[in-house]
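Asks:
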Amino acid sequence: MRTTQRTPRVHGGMQLLSTVACWFLAACAGADVPTTSSPAQAEFLGSSGRPSPVRSLRLEYRDLARRAPDFAGVFFDSTGHLTINFASANVDTLAVREVMTWLERYRGPGPDLSTPRLRRVDFAYSTLDQYYGPLLGAIASMPFLTSSRIDDVRAQIVITISTTEEEPTIRGAAGALGIPQAALHVEHAPPARSDATLDDRVRPVYGGLRIAKPGGGECSLGFNGYHAVGGQPDPSQPPVFMTAGHCAGPGAQWGQNTYSVANHIGTTIHEAPVFFPPACPYSQGCQDADVLVVEYASGVSQGYGVVYKTNLGSLTITGTQGVSGDVYGALTGETVRKVGQTTGTTSGTITATCVDVPPRPEPGGTTPGTLCAQAANYGSGSGDSGGPVFIPYNPSNPYSTPRTVGIHFAQQGSTRYFSPMSQIWAAQDGLFYW
Amino acid sequence: MCRPHAFWAVALFGTLASCGGVVEPQAPSAVRITTAKPTYGPGDTVVVTLENISQDRVLYNACSAFLERWQILGWGEVMWAAGDQPCNDNVDALEAGATVGTWFPIPSTLAPGMYRYRFTGITNTDARLLPERERLSNTFSIQ
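Chains W and D supply the protein sequences, listed in that same order.
Residue 423 in the working numbering sits at position 423 of the first sequence, and the numbers go up by one each step.
Residue 47 in the working numbering sits at position 47 of the second sequence, and the numbers go up by one each step.
1. Looking only at its chain, what residues have a beta carbon closer than 6 angstroms to the beta carbon of W/V389, apart from the 5 residues adjacent to it on each side?
2. Contact criterion: CB-CB distance below 7 angstroms. Does D/G21 meet it with respect to chain W?
3. Can you give the Cα-Cα distance for W/Q284 and W/P358, rounded to whole angstroms?
4. Report, in whole angstroms, the separation of the C-beta atoms of W/A183 and W/Y131, which I expect to be a contact under 8 angstroms.
5. Would you identify the three-state DSSP class for W/P53, choosing helix, strand or coil?
6. Can you tell me where the beta strand (DSSP E) with W/P168 in it begins and where it stops?
7. Would you mind sorting W/F44 into buried or exposed? The rule is 16 or more other CB atoms within 10 Å of its CB.
8. Using only alpha-carbon positions, find the residue among W/S162, W/Y206, W/R201, W/T351 that is nearest to W/V306.
9. How many Å lie between W/N263 and W/Q253 at the Cα?
10. Just mark W/K309 as buried or exposed, buried being the case when its beta carbon has 16 or more other beta carbons within 10 Å.
11. For D/N52, list the residues DSSP reports as bridge partners.
12. Under 8 angstroms Cβ to Cβ from W/F432, same chain only, skipping five residues before and after it: list those, please.
13. Using a 10 Å radius around the Cβ and a threshold of 16 neighbouring Cβ atoms, would you call D/L73 buried or exposed?
14. List the residues that DSSP assigns as beta-bridge partners of W/E218.
15. Answer yes or no: does any C-beta atom of chain D fall closer than 7 angstroms to that of W/T367?
16. W/N377 and W/T345 look like a contact to me (Cβ under 8 angstroms); what is the Cβ gap, rounded to whole Å?
17. Which residue from D/Q55, D/D44, D/A111, D/P38 puts its Cα closest to that of D/E95?
18. If we ignore side chains and look at the alpha-carbon of each, how far apart do W/Y296 and W/S414 end up?
19. 7 angstroms is my cut-off, CB to CB: does W/L103 come that close to chain D?
20. Report the partner residues of D/A81 according to the DSSP bridge assignment.
21. Along chain D, which residues have their Cβ under 9 angstroms away from the Cβ of W/T258?
22. Residues of chain D with CB under 8 angstroms from W/H246, in chain order?
23. On the DSSP bridge assignment, give the partners of D/M114 in chain order.
24. Can you confirm whether W/S382, when its beta carbon is compared against all beta carbons of chain D, has any partner nearer than 7 angstroms?
25. Closest by CA to W/G322, which one among W/Q341, W/T160, W/N257, W/G381?
26. Could you tell me whether the stretch 127 to 143 of chain D touches the stretch 81 to 89 of chain D, where touching means 3 or more Cβ pairs closer than 8 angstroms?
27. Under 8 angstroms between beta-carbons, which chain W residues line up against D/S29? List them in chain order, please.
28. For W/C280 and chain D, any beta-carbon pair shorter than 7 angstroms?
29. Please report the distance separating the alpha-carbon of W/A72 from that of W/R119.
30. Would the stretch 38 to 53 of chain D count as touching the stretch 206 to 216 of chain W if we require 3 or more Cβ pairs under 8 angstroms?
31. From W/L371 to W/Y259, what does the alpha carbon distance come to, in whole angstroms?
32. Please state whether DSSP places W/I179 in a helix, a strand or coil.
33. Per DSSP, what kind of secondary structure is W/L136 in: helix, strand or coil?
34. Could you give the first and the last residue of the continuous alpha helix (DSSP H) run that contains W/M421?
35. If we call anything under 7 angstroms between Cβ atoms a contact, is D/I106 one with D/P38?
36. Closer than 7 angstroms, Cβ to any Cβ of chain D: which residues of the stretch 400 to 417 of chain W, in chain order?
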């Protein structure tokens with residue numbers, strides 16, 4: 001029996017158009033919004049200037065916010081629980097009904113929609129949306145800007161920058177626009193050493209780097225994350241990272257790049273549970289995902305939602321890329337990238353979804369079967385296991401990219417396999433936030 | 001029982017080898033890769049041992065290998081050694097003097113002849129691929 005696949009969180013995927021729909025809102029609701037434009041806006045509108053029949057999630061959100069003004073975001077938390085943010089202590093039941101009606105129309109009805117959890121936040125989506133366009137216009141050309149979004153889990157505008165020194169610049173730009181500082185969250189994603197490769201000892205520790213155990217076994221670092229409490233990241237606990245589960249056993253120590261006391265970065269604290277027939281078709285057992293979680297040792301420089309950037313087929317680090325907060329997954333035909341210590345950055349398309357990958361031989365044993373993996377045709381080599389799979393930032397689609405997609409674990413001929421985020425959440429039972 | 005075409009394949013291989021044809025690689029100095037038996041039949045499982053005969057740790061993936069067949073003019077790839085079975089993409093360490101075993105299935109459809117395995121993921125600790133001669137198994141026959 002396959003574990004039910006959890007509905008993907010959608011908070012990052014809902015970051016779509018800003019200013020154009022502000023116009024839309026202004027026209028419909030009389031909102032006082034800026035009227036700046038950018039090339040990115042054009043693709044969301046047809047030649048008539050009206051929204052495309054295929055509506056972006058951002059347009060859906062804006063429409064929803066017009067009908068439910070205190071609406072501030074909706075997402076499934078790490079435990080799979082539907083959560084709706086409202087910027088009001090007294091939520092109108094009609095507003096909740098509007099959101100639920102929209103959800104049923106947008107993604108279809110389901111039992112997971114039956115008991116939404118309401119969460120009070122400080123800023124409504126429509127408010128953040130009004131702030132976001134002008135702020136992005138003010139900071140878009142700043143070289144230290146890594147990514148930006150309206151985060152509907154945090155219910156804040158999240159700006160990722162490459163150096164902490166520039167946070168005052170961002171906050172100053174927001175202040176000049178009259179944007180409350182509480183509406184803004186600035187994340188730090190430092191640039192990489194320009195001459196380093198994914199195989200080298202590199203700090204900060206981000207996705208794609210070479211990691212090794214004391215015995216010498218090696219894999220690639222996937223995504224950095226947090227422990228989760230109630231579906232929310234808990235920064236009070238040590239940060240964590242993910243890699244492929246077959247890379248190590250329980251309690252394994254990890255170093256970056258090779259293992260030594262000086263290179264020690266953390267200890268394995270969680271592995272995907274193994275279950276057996278009749279819940280699994282293979283006598284050797286199954287896992288929902290081929291992943292494990294490592295808790296960082298104190299003092300290791302790292303950062304949430306960042307993957308090292310290289311040119312295609314290259315190991316040389318050219319920078320960083322933000323891949324945070326946009327957990328959605330990928331469908332057959334979509335193009336994804338993988339970063340790993342052996343083959344660097346490779347690109348390919350999803351060729352199949354929900355593939356049950358049978359147990360694989362390994363020295364001294366067998367890796368359990370991996371359920372509902374995704375297949376793709378990007379390149380990989382030995383040592384790339386654990387590497388992050390994602391959809392990179394696309395300038396022509398700035399509000400629905402980048403997206404976290406999964407963790408690479410195996411190959412078979414020209415086919416590559418990764419565990420998608422939905423399976424990873426199932427395997428981790430909401431204990432971690434990615 | 002040896003089928004006629006298998007006999008000729010083995011005989012030709014032996015002839016070429018004895019005539020100095022380039023069929024056997026230079027002896028390895030880092031990793032010795034040997035099959036448990038010199039001869040297998042279709043449908044058998046080949047047990048392969050990797051032995052680190054160097055003084056240094058090497059890194060390997062025991063699953064990532066191609067099965068090659070001697071085709072008179074040289075060795076040619078026949079199939080991914082693991083066949084339809086996926087391979088994990090991790091790397092394990094093999095300490096100096098240590099050995100590790102792995103296995104590969106032989107499809108029942110495989111033509112008789114001389115074969116060997118070429119591993120694709122054996123490196124030194126700096127992640128540099130070892131020379132090909134260090135990643136080749138002994139030759140063995142399938143009859």
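Positions of the beta carbon are idealized from the N, C-alpha and C atoms, including for glycine.
Replies: Looking at the coordinates:
1. V336, K338, V405, G406, H408, F418
2. Interpretation of D/G21 is limited by its pLDDT of 47, a score under 50 that renders its predicted location unreliable; the figure taken from the coordinates is listed afterwards. So no, D/G21 is outside the interface.
3. 9 angstroms
4. 6 angstroms
5. With a pLDDT of only 33 at W/P53, under 50, the local geometry of the prediction cannot be trusted, and no value is derived from it.
6. Run containing W/P168: none in the beta strand (DSSP E); it sits in the alpha helix (DSSP H), 167 to 176.
7. Confidence in W/F44 is poor, its pLDDT being 23 and thus under 50, which makes the residue's placement unreliable; the coordinate value appears in the next sentence. Burial call: buried.
8. W/Y206
9. 11 angstroms
10. buried
11. D/V31
12. S78, G225, Y226, H227, A228, V240, M242, H270, V293
13. exposed
14. W/A212, D/V91
15. yes
16. So it is not a contact: roughly 15 angstroms between Cβ atoms.
17. D/Q55
18. 34 angstroms
19. no
20. BP columns for D/A81 are empty, so no partner.
21. T125
22. N88, N90
23. D/S141
24. yes
25. W/T160
26. no
27. Ordered by position in chain W, no residue passes the 8 angstroms Cβ test against D/S29, which lies about 20 angstroms from the chain.
28. no
29. 9 angstroms
30. no
31. 31 angstroms
32. coil
33. helix
34. 421 to 428
35. no
36. H408, F409, A410, Q411, Q412, G413, Y417
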